[in-house]
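Data block below; observations after.
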């Protein structure tokens, strides 16, 4: 992508986003296979609850710390690259890769030592035997920290250079390794085989991206450069960014804390249900926000706030176009989808109903979840990190309050609803604050577009429900292959219905879709 062109082309960004979308979709489909393999081998019970809790803190640290560095790194590297100062960019990128590897290595050692206290904090309601298993799994999974964290920094370096392929491919490779460990290591090693496979998958995440670094022309420097002004800036700015990006992870930790006091399998049902709902987040939002972020940083570096506002609004409109009908479909098809993806082996009908309940309540917050990364990246491109952190702090408090209120009444489903409500508040607060910094966001146009999309999605949802009844889709006593065929047919029909209605309602994003389809011919 030509970084010298005034005003980054939305069409070119859309093409890049489409490529990332395809790879993310492949990764998410493999994620379904991964979750189905784990559910089939271990079900929804104490072992998987222990694994999910053990996974929480290592994943939280590597995702949040790694992503925080990436989020601040991309604008920093872009500022050098647009001026042609490539060697300085590579020095900063190398220093930050070294820092995150060193930091996460130290945290991994501490995690191994402190595992009993961490598990007691996260899941105080676990029986002693399950708690002991969770401690052992936590110690294994902490070894993945340096691999995933440094791998995410490599993704940031590549994205700053408009290289999106290998960072999007790496999670798919990671999922393949976890699938293999579930299928082939479960019998000889039990749940420990899954934990070891998870560590190997994060090593692969790191290694897959190295060839593209050479293609980019990246030069590695063995340095920390603590006095370098940009390295110090990234380090200082990362602190509030860490909290902003940790919001969703804190939601999950809150879920597991409260769910550990609920019925057995609640943690696993929450985890699987939220993963199912997060597919649009990982596919649509990640594709758009990943490709828009370096463009936003480029516009910010050159002081073009009108172009920033244009990219931000169109990015939100595009993910709304993709995710609103998806959320409606998830609500209606929640039980058949969970049954198709997970119900086999040790994962039985009770677990299906528990997971489907999570899907329903979590879908209400899906639009907020996909808009959040775009809004956050607009703030970070502007160098503003304080406001997202404060808004995130407020949303975490709300999530805890909603969980206290809703969990007694709705059980684990109430925890999913609490996440949706808190996420919606977070995004609304971010948007209102960003509007003050980018007055050209055109809120009226955005609301008009979202309203038209919602109308089309509502009619589509009605069609989907009626056809589901006609095809006997909601009957739990049917073969998996028949369920898959029916869902595939309904998905295709629903897509056609939605696109026709979106065209009839003159939804703006249809023009972009038509342009991309036409260009592929």
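In my numbering, the protein residues as written are 5 to 525.
We treat Cβ as the ideally placed atom computed from N, Cα and C, and that holds for glycine.
Continuous alpha helix (DSSP H) stretch holding residue i: start and end
{"i": "residue 223", "result": "Where residue 223 is concerned, there is no enclosing alpha helix (DSSP H), given that its DSSP letter is neither H nor E."}
{"i": "residue 247", "result": "233-263"}
{"i": "residue 321", "result": "309-336"}
{"i": "residue 116", "result": "90-126"}
{"i": "residue 269", "result": "Residue 269 -> no alpha helix (DSSP H), and no H or E assigned at all."}
{"i": "residue 302", "result": "290-305"}
{"i": "residue 377", "result": "370-385"}
{"i": "residue 193", "result": "190-193"}
Residue of the options minimising C-alpha distance to residue i
{"i": "residue 232", "options": "440, 96, 342, 60", "result": "96"}
{"i": "residue 263", "options": "498, 49, 482", "result": "49"}
{"i": "residue 94", "options": "222, 33, 46", "result": "222"}
{"i": "residue 547", "options": "298, 389, 499, 440", "result": "Look at the range of the chain in this structure, 5 to 525, and you will see that residue 547 is not part of it."}
{"i": "residue 455", "options": "325, 423, 40", "result": "325"}
{"i": "residue 71", "options": "276, 288, 40, 251", "result": "251"}
{"i": "residue 33", "options": "210, 175, 414, 217", "result": "175"}
{"i": "residue 457", "options": "186, 67, 385, 510", "result": "510"}
{"i": "residue 397", "options": "253, 503, 275, 47", "result": "253"}
{"i": "residue 267", "options": "285, 420, 355, 410", "result": "355"}
{"i": "residue 102", "options": "155, 422, 83, 38", "result": "155"}
{"i": "residue 493", "options": "472, 502, 513", "result": "472"}
{"i": "residue 447", "options": "377, 317, 342, 370", "result": "317"}
{"i": "residue 39", "options": "348, 367, 453", "result": "348"}
{"i": "residue 373", "options": "406, 301, 283, 306", "result": "283"}
{"i": "residue 343", "options": "113, 479, 78", "result": "479"}
{"i": "residue 468", "options": "338, 323, 409, 451", "result": "338"}
{"i": "residue 278", "options": "293, 56, 515", "result": "56"}
{"i": "residue 121", "options": "111, 135, 112", "result": "135"}
{"i": "residue 459", "options": "426, 505, 450, 497", "result": "505"}
{"i": "residue 388", "options": "304, 427, 405, 311", "result": "304"}
{"i": "residue 178", "options": "452, 83, 202", "result": "202"}
{"i": "residue 67", "options": "357, 358, 153, 216", "result": "153"}
{"i": "residue 1", "options": "44, 309, 405", "result": "With the chain running from 5 to 525 in the structure shown, residue 1 is simply not present."}
{"i": "residue 370", "options": "351, 411, 424, 353", "result": "424"}
{"i": "residue 137", "options": "77, 315, 58", "result": "58"}
DSSP three-state assignment for residue i, whether helix, strand or coil
{"i": "residue 210", "result": "helix"}
{"i": "residue 509", "result": "coil"}
{"i": "residue 363", "result": "helix"}
{"i": "residue 24", "result": "helix"}
{"i": "residue 87", "result": "coil"}
{"i": "residue 134", "result": "helix"}
{"i": "residue 37", "result": "helix"}
{"i": "residue 339", "result": "helix"}
{"i": "residue 515", "result": "helix"}
{"i": "residue 352", "result": "coil"}
{"i": "residue 50", "result": "helix"}
{"i": "residue 389", "result": "coil"}
{"i": "residue 397", "result": "helix"}
{"i": "residue 79", "result": "helix"}
{"i": "residue 282", "result": "coil"}
{"i": "residue 201", "result": "helix"}
{"i": "residue 230", "result": "coil"}
{"i": "residue 44", "result": "helix"}
{"i": "residue 496", "result": "helix"}
{"i": "residue 129", "result": "coil"}
{"i": "residue 7", "result": "Low per-residue confidence applies at residue 7: pLDDT is 37, beneath 50, and the placement is therefore not dependable, though the value from the model is reported in the following sentence. Residue 7 falls in the coil class under three-state DSSP."}
Original post:
Can we say the stretch 253-261 touches the stretch 94-110, given the rule of at least three CB pairs closer than 8 Å?
Top reply: Verdict: no, contact absent.
Original post:
In chain order, which alpha helix (DSSP H) runs of at least 4 residues are fully inside the stretch 411-491?
Top reply: 416-441, 447-474
Original post:
Unbroken alpha helix (DSSP H) runs of length 4 or more, entirely within the stretch 144-168: which are they?
Top reply: 149-164
**OP:** Please determine if the stretch 58-75 and the stretch 145-153 are in contact, where contact requires at least 3 C-beta pairs separated by less than 8 Å.
**Re:** yes
Original post:
Can you find at least 3 beta carbon pairs, one from the stretch 24-40 and one from the stretch 166-178, that sit closer than 8 Å?
Top reply: yes
Subject >> Segment contact flag, the stretch 464-482 with the stretch 330-338, C-beta cutoff 8 Å, min 3 pairs >> reply: Because the criterion of three Cβ pairs below 8 Å is met, the stretch 464-482 and the stretch 330-338 touch.
Original post:
Does the stretch 469-486 touch the stretch 436-450, meaning 3 or more C-beta pairs lie closer than 8 Å?
Top reply: no
Original post:
Using 8 Å as the threshold, is the stretch 171-190 in touch with the stretch 128-147, meaning 3 or more CB pairs across them?
Top reply: no
**OP:** Flag this pair as touching only if the stretch 238-247 and the stretch 390-399 have three or more C-beta atom pairs under 8 Å; answer yes or no.
**Re:** Yes: at least three Cβ pairs fall under 8 Å.
**OP:** Report yes or no: do three or more beta-carbon pairs, one from the stretch 411-424 and one from the stretch 267-277, lie closer than 8 Å?
**Re:** yes
Original post:
Does the stretch 285-300 come close enough to the stretch 356-366 that 3 or more CB-CB pairs lie under 8 Å?
Top reply: In short, these stretches do not touch, since the Cβ pair count stays below three.
Subject >> the stretch 76-87 in contact with the stretch 205-221 per 3-pair CB rule at 8 Å >> reply: no
Original post:
How about the stretch 308-322 and the stretch 375-383: do they share at least three Cβ pairs that are nearer than 8 Å?
Top reply: yes
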